[in-house]
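Structure, as structure tokens:
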Amino acid sequence: MAGPERVGGTESHGPDLSAWAAPNPTGRARASQAGPGTAAGPRSRESRPSLPSCPGRQRGSGRTAAWAANTSAGPRSCPGRDPVPGPTRVPVTASASAAANVCLSVPTHPAGDEPMPTPTEPAPAPAPETLAAFRAAKGFMPEHEGLALYAAAAGAATALGLPLLEVGTYCGRSTLLLAAAARDAATVAVTVDHHRGSEEQQPGWEYHDPSVVDPDTGRMDTLPTFRRTLHHAGLEDHVVAVVGRSPQVARLWGRPLGLVFIDGGHTDEHATGDYEGWAPHLAEGGLLVIHDVIPDPALGGQAPYRVFLRALASGAFAEVSATDTLRVLRRTAPGI
């Protein structure tokens, strides 16, 4: 993805526990790959703001052993993250019949003192070859959040049969998960990015990667790397890649979507533009997924968090899960 600034619950997937799915605007800290936004010019290290060890990304560690078994395998794309303790998560599967049952966030106990039943079905997981490709791809999304994204995408694609859209491609790490879910449900993943990199990825910034600079233009160009990522994973036929700025593309869009994943620019301008541009296209029952929702300003940027709160306050969305900074909401009414 590309975008100017980059900056984490009890979780369930399966039986309809919607009575327990109260909106939960609190969360924990961390952040992900950069997303579409204005690619600012280089700044000196003295003039740029201080950045944490991975574009503002500090991730929670609240997950069960089932998640930990998966996240311990394979390299992390951005070493040195400081874990932030969080509530325990219970992975269970998404129903094939309703997106509403995907990644449902539930409390440890219902209103009384009786413990809740623990769902036993495993969460939907990508095929081993897709997970291997995800681990190998350049990007910033950690594996446990990727698994939550895949579960949401798989449930939405199966339930609604509509395209899954991502704002913020970067080099295609999370795109692989949407593409695999879309393929298995006979639909398609759409990903939007200008591919010029976010601000902290420009020359002179701490997270600049010379391997994605076009030698002819001297500018960031993640599109070739993204295409190689899809090719090596065998998923090219299941992705429509749109090169452009998110608000411009959104104005041209004309059909409903089953899932909108916002992981683009992390300024208020770009996060708000992504939400206002794409949320109106989300079908009833569709899932709005927002990455890098960080309630604590000391731990990262606040723009995605403000978008998340706005979506809840609109009355058009209900929160159904939280996996570190990945929030999943379901459209329950018109509006944004």
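The sequence shown begins at -7 in the working numbering and counts up one residue at a time.
Glycine is no exception: its CB is placed at the ideal position from the N, C-alpha and C atoms.
Complete runs of the beta strand (DSSP E) confined to the segment 220 to 259 [at least 3 residues]: As for any beta strand (DSSP E) of minimum length 3 sitting wholly inside the segment 220 to 259, the runs are 231 to 235 and 249 to 254, ordered along the chain.
Complete alpha helix (DSSP H) runs within the segment 154 to 184 (minimum length 4 residues, chain order): If we require 4 residues or more, the alpha helix (DSSP H) runs fully inside the segment 154 to 184 come out as 165 to 176.
For PHE309, three-class secondary structure by DSSP: Annotated three-state conformation of PHE309 is strand, per DSSP.
Which runs of the beta strand (DSSP E) fall wholly inside the segment 260 to 309 and span at least 3 residues, in chain order? Counting whole runs of 3 or more residues, the segment 260 to 309 contains the beta strand (DSSP E) stretches 274 to 282.
For GLU121, which residues in the same chain have their Cβ closer than 8 Å to its Cβ, ignoring the five residues on either side in sequence? ALA225 and GLY226, listed in sequence order.
Hey, quick one: how far does the alpha helix (DSSP H) through ARG127 stretch, first residue to last? 120 to 128 is the span of the alpha helix (DSSP H), which, as asked, contains ARG127.
Output needed for ALA308: all residues of its chain with C-beta closer than 7 Å, excluding positions within five of it in sequence on either side, in chain order. So the qualifying residues of the chain are ARG323, THR324, ALA325, PRO326, GLY327 and ILE328.
Can you name the start and end residues of the beta strand (DSSP E) that ARG323 belongs to? Segment 318 to 323, the beta strand (DSSP E) holding ARG323.
Tell me the residue span of the alpha helix (DSSP H) that contains GLU198. It is not in any alpha helix (DSSP H) - GLU198 carries neither H nor E in the DSSP assignment.
Among residues of its own chain, excluding the 5 on either side of SER64, which ones have a beta-carbon nearer than 6 Å to its beta-carbon? Residue placement at SER64 is poorly supported in this model, since its pLDDT is 32, which falls under 50; the coordinates are not used for a value here.
Can you tell me where the alpha helix (DSSP H) holding ALA330 begins and where it ends? Any question about residue 330 goes unanswered here, given that the chain covers just -7 to 328.
In chain order, what residues of the same chain have a beta carbon less than 7 Å from the beta carbon of SER306, not counting five sequence neighbours either side? Its chain contains GLY327 and ILE328 as the residues whose beta carbon lies nearer than 7 Å to that of SER306, once the 5 sequence neighbours on both sides are disregarded; these appear in chain order.
Thinking ASP255 and VAL320 are a contact (beta carbons under 8 Å), I'd like their distance in whole angstroms, please. About 13 Å separates the two Cβ atoms, so there is no contact after all.
Can the beta-carbon of PRO248 be found closer than 8 Å to that of ALA271? For the pair PRO248 and ALA271, the CB atoms are not nearer than the 8 Å cut-off.
Going by alpha carbons, who is nearest to GLY236 out of ASP316, ALA144 and HIS187? Ranked by how close their Cα comes to the Cα of GLY236, the residues ASP316, ALA144 and HIS187 have HIS187 in first place.
Say whether chain B places a C-beta atom closer than 8 Å to the C-beta of ALA314. Here chain B cannot be found, since the structure has a single protein chain.
DSSP beta-bridge partners of THR315: LEU318, per the DSSP bridge assignment.
Three or more C-beta pairs under 8 Å: does that hold for the segment 140 to 156 against the segment 210 to 220? No contact exists between the segment 140 to 156 and the segment 210 to 220.
Applying the 10 Å Cβ sphere with the 16-neighbour rule, what's the burial state of ALA178? So ALA178 counts as exposed.
Taking the straight line between their C-alpha atoms, what separation do you get for ALA146 and ALA290? So the alpha carbons of these two residues sit roughly 34 Å apart.
In angstroms with no decimal places, state the Cα-to-Cα distance between ASP288 and GLN294. The alpha-carbon atoms of ASP288 and GLN294 are separated by roughly 8 Å.
Should SER203 be labelled buried (16 or more other beta-carbon atoms within 10 Å of its own) or exposed? Answer is exposed; the Cβ neighbour count stays below 16.
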